[in-house]
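Below: the structure, in structure tokens.
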Amino acid sequence: MNYTNRHELSDFACAILKEDDYDHPDGFTMSQLNNPIRINLLTKRHNELIETDVINNSYSVRGQALHALAALAGKKFKAAIIEERFMVKVGPYKVFFKPDALIPSSSNTYRLWDIKDCKVGTARREHLKPEWIAQVNCYKWAAEQYHQIKINQQTVMMWLKDWSYTDCHERNLPNYPPIDIIEEDVPIWTDAECKAYIIHEIEDLLSEDDTKDNDLPRCSSAERWATKDGFAVVFDDGKTKGQQVPKGGGYTTYIEAKTFAEEKKKKMTKSTKRELKVIFKPSVSIRCERFCLVNKFCNQYHESKQQEQPF
Ligand code: SF4
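Note that the working numbering has the sequence shown beginning at 466, numbered continuously upward.
Written out as structure tokens, the structure is:
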């Protein structure tokens, strides 16, 4: 990985941002299998040329700090198994697993914990992402094989990094979590489902090994973390021209946004009067734009940029 430092951060800040406690085992990992095939193969093929700015690591460094603290805390529980990497053979394939924590819950049974440093939007929208459910179940299955233990509960602990007291208790946004940590149990798959899932993901990946970059399976909108097309109401005068009106976003139709704008204008007095207008907000692929290290090599991304039309 080649780093730039466009914001001229100090050597110390850069050193922190480049810290990476991820071990790179020689085999498949669950994190890798949960990534889209396109990302996996473009990363493998262009690894030497991948470049990112150090500041893009700030989220992952915070996540690693949280995991390091969780590992320290986990060691206080007798017989706990914390962040241990192990390998299990799944069919002919070597797969590496590293669950965050296995904490004894009663005699001979454990509770598996997976810690996610994520955004409030995830908790408000969907709670458990499908890839988290798959990952946690595969960790459970593999940990039971390797450690010869029984896991009777598996839980995701979400730490919501952008949780806001104001949004929760003053603006009372709908579906807003009351605190910045959520613990949610993950439904348990059968052993056969876990094994089949892992083998299917590996064979899907291997089957594209000879596919040219431009023909790789396209990332879905969920994999691109794409927002939906929608409408928003913005101020159309004064210093905040162009800024979104509070609660003026997320409308799926023009009529809904227009109705909101009209209601808002009716409530304005002579002194608070502002001009408002409805704008179209096209879908944005957040992962492609801000997080995908291989967007430079991805024709799907470049094609989507060419198709973007102003409304
Ligand atoms: S840039 Fe977007 S479409 Fe391309 S590999 Fe990355 S996530 Fe997928």
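Ideal Cβ positions, reconstructed from N, Cα and C, are used throughout, including at glycine.
Burial state of residue 497 is buried, judged by a 10 Å Cβ sphere holding 16 or more other Cβ atoms. Here DSSP, grouped into helix, strand and coil, assigns residue 551 to strand. Counting only heavy atoms of the ligand SF4, the residues whose C-beta sits closer than 7 angstroms to one of them are, along the chain, 501, 503, 504, 507, 683, 684, 688, 689, 750, 752, 753, 757, 759, 760, 763, 765, 766. Secondary structure at residue 689: coil, using DSSP grouped into helix, strand and coil. When 688, 623, 643, 535 are compared, the shortest CA-CA separation from residue 502 is found for 688. In the displayed model, residue 568 falls within a strand according to three-state DSSP. When 555, 671, 539, 584 are compared, the shortest CA-CA separation from residue 565 is found for 539. Under the Cβ criterion (8 angstroms, minimum of three pairs), the segment 647 to 663 counts as touching the segment 615 to 623. If you ignore the 5 residues before and after residue 748, its C-beta comes within less than 7 angstroms of the C-beta of 691, 692, 693, 694, all in its own chain and listed in chain order.
Taken through DSSP and simplified to helix, strand or coil, residue 739 comes out as coil. Of all alpha-carbon atoms in 561, 466, 537, 490, the one lying nearest the alpha-carbon of residue 515 is that of 466.
With contacts defined by Cβ atoms closer than 9 angstroms, residue 625 and residue 657 do not form a contacting pair. Ranked by how close their Cα comes to the Cα of residue 763, the residues 554, 729, 712, 505 have 505 in first place.
With a threshold of 16 other beta carbon atoms within 10 Å, residue 733 falls short and is exposed. The residues 561, in chain order, have a CB closer than 6 angstroms to that of residue 494 in the same chain once the five nearest residues on each side in sequence are set aside.
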